[in-house]
Amino acid sequence: MNIPKQPPGVYIRWLALLGCLSYFLYFIIIGIKSYPPSSNAVYICDTNNASELTQCQGLDDETSCANLVDADGNVATCIQSSCGYKLFDMLDVSVAGSSDPYSAEDTNDPTSFLSVMSIFYGLVPYLVGFIYGVSFLITGSVVPLTRLLVLGIIVVINDEILKKVVVQRRPIGSCLYFKSFGMPSGHAATSIGMLTYLLLEVFIFHPNLVCGLTCQKRGRGHGNGAENFYYFAWGYGWQKVIESNNPIDLERNGYEGEYSAVTNDSVGEEKIADVEAGTLSNDSNANICSSAQSCLQGRWKYHFHAFLYCLLFFPVPFSRVYLYDHFKNQVLLGSVEGILIASIWFGVMRLYGVRFMKWWSRSSCATWFGLTFG
């Protein structure tokens, strides 16, 4: 059995994958070993100030609260906030939240169903980003990389620009109160932004959104015998295909394909098909519809995908409010931010992304790393 030789860059991707998985395992082990995570607990001065908290370093800290008084007029002491603790030091996720950090009676039960689900959904943006990164390193497909770019752009704009401009604190019952500002919510921005991007990819030019509604252009395309059809390309949405009885003549007449599909054939070589010009790939993974009927037969599959996307991302902002890590207006503004950024990025990908990937897939850099278009 002859094993095809891999490009040199593939081994670099595999080394990077090994590093990512090792760090992930280390991260989990450290988190488990530190339970109960006293280092991630939040300590505050017992001043009963409902508008602002004062941080101290531990129960034996006698200096941080020396100049403050409690509700009875005595010198304030350092207590542990009833918010519980941060799940991991580097993740903005609380195990529990509290409406009153000075009282343990107002703390959410971290073992309740809603708390457990909220903690899970608080981890969703991190897990999705990790999965996309691992998928890129394993397959070499640039599609997961485009997803990471969406998340990265939202994170940079949210954390490095908007939060520093708005400067609004989190709720006092949040374990993240002293770590970062809360306006707008990064979890809401990334989750709703990613959801928006995926829904646009699934439904823009879908052959049947509901009751026959579609954005597809009906009628005949350019060239004799050519007719408009669409196919779904993972990562780029519904793309137009021109089906022709003589695709070679179409190319000779100057109708050069606008879109490309890059796949791997049986010997691992990249294969580029100008699908708009009608030279359809014979690779079954290209997922190209040969007729309108075949497109319509699978329409509910994409609605089901959309339902799963909503089930995964939509509850994230609500979990942030339930854990007292954000106010409602913070997750609302974060959601709007995510929708705007993801919509703009999707438009850029529709206009320029496919053309760029077609050009880049033929470059020596992409070949050296063994990257594929889809």
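Residue numbering for the sequence shown follows the numbering used here, beginning at 281 and increasing consecutively.
All residues carry an ideal CB built from backbone N, CA and C; glycine is no exception.
Is residue i near residue j, with beta carbons less than 7 Å apart?
i: Cys345; j: Tyr323; result: no
i: Arg427; j: Tyr412; result: yes
i: Ile472; j: Gly353; result: no
i: Tyr382; j: Asn347; result: no
i: Ser378; j: Asp389; result: no
i: Leu456; j: Arg450; result: yes
i: Ser599; j: Ser398; result: yes
i: Val596; j: Tyr401; result: yes
i: Ser421; j: Tyr604; result: no
i: Leu478; j: Tyr632; result: no
i: Ala351; j: Cys325; result: no
i: Val375; j: Ala468; result: no
i: Phe221; j: Ser641; result: Any property of residue 221 remains undetermined from this structure, which presents the chain solely from 281 to 654.
i: Ile484; j: Gly515; result: no
How long is the line joining the alpha carbons of residue i and residue j, rounded to whole angstroms?
i: Ile621; j: Lys581; result: 27 Å
i: Ile441; j: Met637; result: 29 Å
i: Trp625; j: His583; result: 22 Å
i: Ser361; j: Leu592; result: 31 Å
i: Leu298; j: Val414; result: 10 Å
i: Val373; j: Leu613; result: 19 Å
i: Thr647; j: Phe416; result: 15 Å
i: Val601; j: Lys459; result: 17 Å
i: Cys300; j: Val423; result: 19 Å
i: Ile292; j: Phe393; result: 42 Å
i: Thr391; j: Ala384; result: 15 Å
i: Tyr306; j: Ala296; result: 15 Å
i: Lys443; j: Phe607; result: 14 Å
i: Phe594; j: Leu429; result: 20 Å
i: Tyr303; j: Val349; result: 44 Å
i: Asp340; j: Thr419; result: 52 Å
i: Ser395; j: Asn609; result: 21 Å
i: Leu403; j: Leu371; result: 8 Å
i: Arg630; j: Phe461; result: 34 Å
i: Arg635; j: His486; result: 21 Å
i: Lys285; j: Cys363; result: 55 Å
i: Phe587; j: Phe512; result: 17 Å
i: Glu342; j: Gln335; result: 12 Å
If I measure Cβ to Cβ from residue i and keep anything under 6 Å in the same chain, skipping five residues before and after, which residues do I get?
i: Val446; result: Met463
i: Val470; result: The amino acid at residue 470 is misidentified as Val; the sequence shows Thr. The answer, listed in chain order, is Pro405, Leu431, Ile434.
i: Trp639; result: none
Using C-beta distances below 7 Å, list every residue in its chain close to residue i, excluding the 5 sequence neighbours before and after it, in chain order.
i: Pro287; result: Thr647, Trp648, Phe649, Gly650
i: His585; result: Val482
i: Gly289; result: Trp648, Phe649, Gly650
i: Leu333; result: Ile324, Pro381, Ile452, Tyr457
i: Ile437; result: Ile621
i: Asp439; result: Gly466
i: Thr476; result: Gly618, Ile619, Ala622, Ser623
i: Ile309; result: none
i: Gly409; result: Leu428, Leu431
i: Trp294; result: none
i: Gln337; result: Tyr323, Ser344
Note the first and the last residue of the continuous beta strand (DSSP E) segment covering residue i.
i: Val601; result: Per DSSP, Val601 belongs to no beta strand (DSSP E); it is in the alpha helix (DSSP H), 596 to 602.
i: Val436; result: Per DSSP, Val436 belongs to no beta strand (DSSP E) and is neither H nor E.
i: Ala321; result: 321 to 325
Could you pull out every residue in the same chain whose Cβ sits closer than 8 Å to the Cβ of residue i, ignoring the five residues on either side in sequence?
i: Leu425; result: Tyr412, Phe416
i: Thr331; result: Note on identity: in this sequence residue 331 is Ser, with Thr being the wrong assignment. Counting only Cβ-Cβ distances below 8 Å, and skipping sequence neighbours, we find Ile452.
i: Leu658; result: This structure cannot settle anything about residue 658, because the visible part of the chain is limited to 281 through 654.
Tell me which residue opens and which closes the alpha helix (DSSP H) that residue i is part of.
i: Thr470; result: 466 to 483
i: Gly614; result: 608 to 628
i: Ala330; result: Run containing Ala330: none; DSSP gives neither H nor E here.
i: Met637; result: 634 to 641
i: Asp444; result: Checking the displayed sequence, the identity of residue 444 turns out to be Lys instead of Asp. Unbroken alpha helix (DSSP H) run through Lys444: 443 to 446.
i: Ser644; result: 644 to 649
For a cutoff of 7 Å on Cβ pairs, would you count residue i as touching chain C?
i: Tyr303; result: Annotation note: the requested chain C is absent from the structure, which comprises a single protein chain.
Which ranges would you report for the alpha helix (DSSP H) in the region 342 to 427 if only whole runs of at least 4 residues count? Runs of alpha helix (DSSP H) with 4 or more residues, each lying fully within the region 342 to 427, are found at 393 to 419, listed in chain order.
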